[in-house]
Amino acid sequence: MPAPLPMTPHAPDQPATPTRHGLAGLTLGAIGVVYGDIGTSPLYTVKEIFTPATGVPLTADALIGAISAIVWALMLVVTLKYVVLILRADNRGEGGGLALTALATQAVKQRPGLRRFLLLMGVFGATLFYGDSVITPAVSVMGAIEGLEIVSPQLERYVLPLSIVVIVLLFIVQKHGTHVVGRVFGPVILLWFLVLAVTGVMQIAQQPAILAALNPLRAIEFLSGRGWQVFAVVGAIVLALTGAEALYADMGHFGARPIRLAWTGVVFPALALNYLGQGALLIGDPAAIDNPFYRLFPAALVLPAVVLAAMAAVIASQAVISGAYSMTKQAIQLGFLPRMQVRNTSASEAGQIYIAGVNWALLAGVLGAVLLFRSSSALAGAYGIAVTLTMMITTVLTFFVIRNGWRLPAPLAWGATLFFLALDALLVAGCAIKIVDGGWFPLVLGGLLFVLMSTWARGRKALQQHLAAEGLELLPFVESLHAFGDAERPRVARTAIYPVANAGLVPPALLHNLKHYQVLHERNVVLTVSFCERPYVPEQERLALEVLAPGFWRLTLTYGFMDQPDVPAALALCGPRGLHTEPAETSYFLSRETLVPRAGMTHWREALFAAMSRNAGSVADYFRLPGNAVVELGTKVQL
0 MPAPLPMTPH APDQPATPTR HGLAGLTLGA IGVVYGDIGT SPLYTVKEIF TPATGVPLTA
60 DALIGAISAI VWALMLVVTL KYVVLILRAD NRGEGGGLAL TALATQAVKQ RPGLRRFLLL
120 MGVFGATLFY GDSVITPAVS VMGAIEGLEI VSPQLERYVL PLSIVVIVLL FIVQKHGTHV
180 VGRVFGPVIL LWFLVLAVTG VMQIAQQPAI LAALNPLRAI EFLSGRGWQV FAVVGAIVLA
240 LTGAEALYAD MGHFGARPIR LAWTGVVFPA LALNYLGQGA LLIGDPAAID NPFYRLFPAA
300 LVLPAVVLAA MAAVIASQAV ISGAYSMTKQ AIQLGFLPRM QVRNTSASEA GQIYIAGVNW
360 ALLAGVLGAV LLFRSSSALA GAYGIAVTLT MMITTVLTFF VIRNGWRLPA PLAWGATLFF
420 LALDALLVAG CAIKIVDGGW FPLVLGGLLF VLMSTWARGR KALQQHLAAE GLELLPFVES
480 LHAFGDAERP RVARTAIYPV ANAGLVPPAL LHNLKHYQVL HERNVVLTVS FCERPYVPEQ
540 ERLALEVLAP GFWRLTLTYG FMDQPDVPAA LALCGPRGLH TEPAETSYFL SRETLVPRAG
600 MTHWREALFA AMSRNAGSVA DYFRLPGNAV VELGTKVQL
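Quick note on numbering that gives the first Met the number 0: the sequence shown kicks off at 0 and runs consecutively.
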């Protein structure tokens with residue numbers, strides 16, 4: 000695994016206070032993007048608790064206990080763990096598994112063995128998040144479209160094709176960006192939560208006995224009385240927590256404060272009222288268990304409810320999709336994935352990005368899940384194991400942040416961690432029994448991604464070690480060129496930029512230039528770009544410029560894992576430091592390694608790494624180099 004550069008320890012976030020207008024807009028966007036997923040969980044959660052697999056009887060006591068378990072799961076997992084605690088573990092405004100991993104590994108940087116273990120754990124958690132990103136859109140959209148069966152049983156045959164059409168349209172609009180999508184989706188989801196609350200209150204008024212579910216003792220009694228079937232019940236209750244991990248992953252898009260305000264002011268009250276309403280409905284009419292959500296509506300309003308639910312389900316998928324973009328960018332910057340073209344979609348929010356390759360790969364995965372499982376109930380079996388394992392990994396990483404990074408008292412750190420770990424373990428156990436029923440699907444996806452990410456990291460490390468072993472030291476080489484003089488080697492009145500991974504070695508492209516053209520440029524810059532475990536690096540800290548000899552400079556640019564690297568823009572900042580470059584007189588000489596398999600990694604890993612290298616994105620595009628000023632020189636490398 001690569002050894003990321005150190006970062007400054009970071010305490011809990013103290014974000015700048017947005018303006019009232021900006022805060023309102025970000026909160027609305029957070030409602031539309033972050034909470035669309037968890038907001039559609041009432042479509043299927045209650046129904047899945049009362050299936051033959053769980054053995055829960057449809058009695059008033061069981062209904063009160065089940066609804067109590069859902070409400071208190073939301074309170075403990077989402078409110079206490081994520082909204083109160085995890086959102087404070089921001090890595091300078093960024094969230095998600097890899098941002099948390101960077102904080103945790105920095106907190107234990109003096110213990111290399113533990114640091115490596117946490118790094119592997121964090122990467123594995125990130126791959127599981129991708130598995131969740133495939134299942135969540137599929138189950139949300141199909142759960143909504145299945146409401147057509149309530150309108151008319153003859154419409155059942157249209158559920159699958161309509162779900163596919165809706166999913167495809169969702170991924171097509173992603174290119175317009177999270178900001179635009181969130182502003183459009185926000186009002187729709189706000190209406191959705193209003194409908195959830197109103198329909199719930201109407202049923203609660205008819206069966207006020209359901210309010211006993213607000214007592215946490217009813218949840219404890221319900222779960223403790225289930226025996227071994229408690230795991231099947233918990234596996235269904237987990238469905239109410241869909242999107243909790245995406246809440247943290249999307250923090251960079253909107254900020255912690257808007258996400259907190261949206262949850263406490265709108266989302267949680269609406270969800271609680273709707274779950275209570277479904278319980279009240281079933282106390283009075285147990286036959287409504289076939290689809291308790293749509294049975295909340297009068298017959299004349301079922302079709303409009305289906306349309307609104309379909310819109311909400313489309314929006315629900317946005318949280319994990321935008322979270323997957325952020326996670327991918329972090330993985331690229333930290334050295335776990337090859338370069339991809341990352342496009343910023345907002346001038347004001349740096350975290351709002353679009354990655355076309357990830358978008359279409361997710362679309363393929365979601366369509367594959369829909370065609371494989373073909374119903375929301377079947378997809379519910381696939382959902383849970385990946386996201387609960389991710390939640391458990393998040394708890395472990397957070398412990399090292401709050402104990403070793405923030406230096407909170409040991410009793411507090413251990414007490415909170417053990418409490419949430421016990422809760423996570425129960426959720427994981429409840430979902431583990433569904434592995435055969437479909438839980439294997441996100442695990443397989445996550446495992447394949449872990450192989451890809453670990454192979455890329457190991458391959459890059461092996462490649463850098465090889466180049467370091469075979470390369471020439473830069474300083475003696477430059478000194479020898481200077482001592483030799485320019486009589487035998489004329490200088491071209493231009494600037495040559497030579498990117499190299501190791502700042503202490505001669506760039507292969509420079510050697511090729513001397514060998515083939517027998518000339519040097521008037522200004523030669525050996526450029527190294529590195530990424531640290533901070534999300535963003537201030538402009539004043541980005542440059543490190545060193546004069547090696549007349550006409551030779553060594554320039555090191557440091558970016559955070561959420562920064563967009565822009566080499567020409569950084570070069571423009573070098574003028575006051577003595578390096579003046581004109582864009583029209585600057586050429587970029589890139590070295591491209593062609594890998595030749597050799598004993599080192601296992602053969603299949605070598606082949607996989609070589610294939611990933613061949614298909615990696617363009618260096619010029621990634622660093623925003625002008626296409627008409629790039630010269631690429633190749634070399635063969637044996638790992």
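Even glycine gets a Cβ: it sits at the ideal position worked out from N, Cα and C.
- Distance from A615 to Y587 at the Cβ level is roughly 17 Å; contact not present, criterion being Cβ atoms closer than 8 Å.
- Bridge pairing for P498: L526 [DSSP].
- In terms of CA proximity to T389, A424 leads the group H515, A424, V232, L361.
- Taking S67 as reference, the option from T50, Y43, A279 with the minimal CA-CA separation is A279.
- Counting along the chain, R553 sits inside the beta strand (DSSP E) bounded by residues 551-558.
- A residue is called buried when at least 16 other Cβ atoms come within 10 angstroms of its Cβ; E472 does not meet this threshold and is exposed.
- Counted as a single uninterrupted DSSP element, the stretch harbouring E545 is not any alpha helix (DSSP H) but the beta strand (DSSP E) occupying residues 542-548.
- Inter-segment contact for the stretch 41-53 and the stretch 212-223 is absent: fewer than three beta-carbon pairs are separated by less than 8 Å.
- For A492, the three-state secondary structure derived from DSSP is strand.
- Nearest in C-alpha terms to P549, of all of P441, L275, L556, H520, is H520.
- Residue state for S590 is assigned as strand, using DSSP reduced to three classes.
- If you ignore the 5 residues before and after R402, its C-beta comes within less than 6 Å of the C-beta of A412, all in its own chain and listed in chain order.
- T198 is not a Cβ neighbour of L448, given a cutoff of 8 Å.
- Around the C-beta of W227, fewer than 16 other C-beta atoms lie within 10 Å, and the residue is accordingly described as exposed.
- The beta carbon of N273 sits closer than 6 Å to those of P41, L195, G199, all from its chain and outside the five residues before and after it, given in chain order.
- For the pair of segments examined, the stretch 295-306 was found not to touch the stretch 227-244: the number of CB pairs separated by less than 8 Å stays below three.
- Annotation: the continuous alpha helix (DSSP H) that includes A619 extends over 618-621.
- With the rule of 3 Cβ pairs closer than 8 Å, the stretch 461-469 does not count as touching the stretch 430-440.
- Straight across, the Cα-Cα distance linking G124 with F116 is about 12 Å.
- Given a length threshold of 4 residues, each whole run of the alpha helix (DSSP H) inside the stretch 108-181 is given here in chain order: 111-144, 147-150, 158-171.
- Using a C-beta cut-off of 8 Å, the stretch 258-275 makes no contact with the stretch 104-113, since fewer than three inter-stretch Cβ pairs fall below that distance.
- An exposed status is given to A568, since fewer than 16 other beta-carbon atoms sit within 10 Å of its beta-carbon.
- When only Cα atoms are considered, I203 and G283 end up about 11 Å apart.
- At a cut-off of 4 residues, the continuous stretches assigned as alpha helix (DSSP H) that sit fully inside the stretch 335-403 are 355-372, 375-381, 384-399.
- M310 and L168 have their alpha carbons spaced roughly 11 Å apart.
- Closest by C-alpha distance to E545, out of T555, Q539, I134, is T555.
- In the structure shown, E47 falls within a helical segment according to DSSP collapsed to helix, strand and coil.
- For V266, the closest alpha carbon among the candidates M561, F530, A29, L632 is that of A29.
- Three or more Cβ pairs drawn from the stretch 349-369 and the stretch 158-167 lie within less than 8 Å of each other, which places the two stretches in contact.
- The Cβ atoms of I134 and L378 sit closer than 8 Å to each other.
- For L99 against V400, the beta-carbon gap comes to about 7 Å, under 8 Å, which counts as contact.
- Here G626 is exposed: its Cβ has fewer than 16 other Cβ atoms, across all protein chains shown, within 10 Å.
- For P567, the uninterrupted alpha helix (DSSP H) segment begins and ends at 566-571.
- Within the model, the alpha-carbon separation for A421 versus V427 is close to 10 Å.
- If the five residues before and after F530 are omitted, its C-beta is found closer than 6 Å to the C-beta atoms of Q332, Y558, F560, all from its own chain and listed in chain order.
- Contact annotation, S132 with G251: C-beta distance approximately 16 Å; criterion of less than 8 Å not satisfied.
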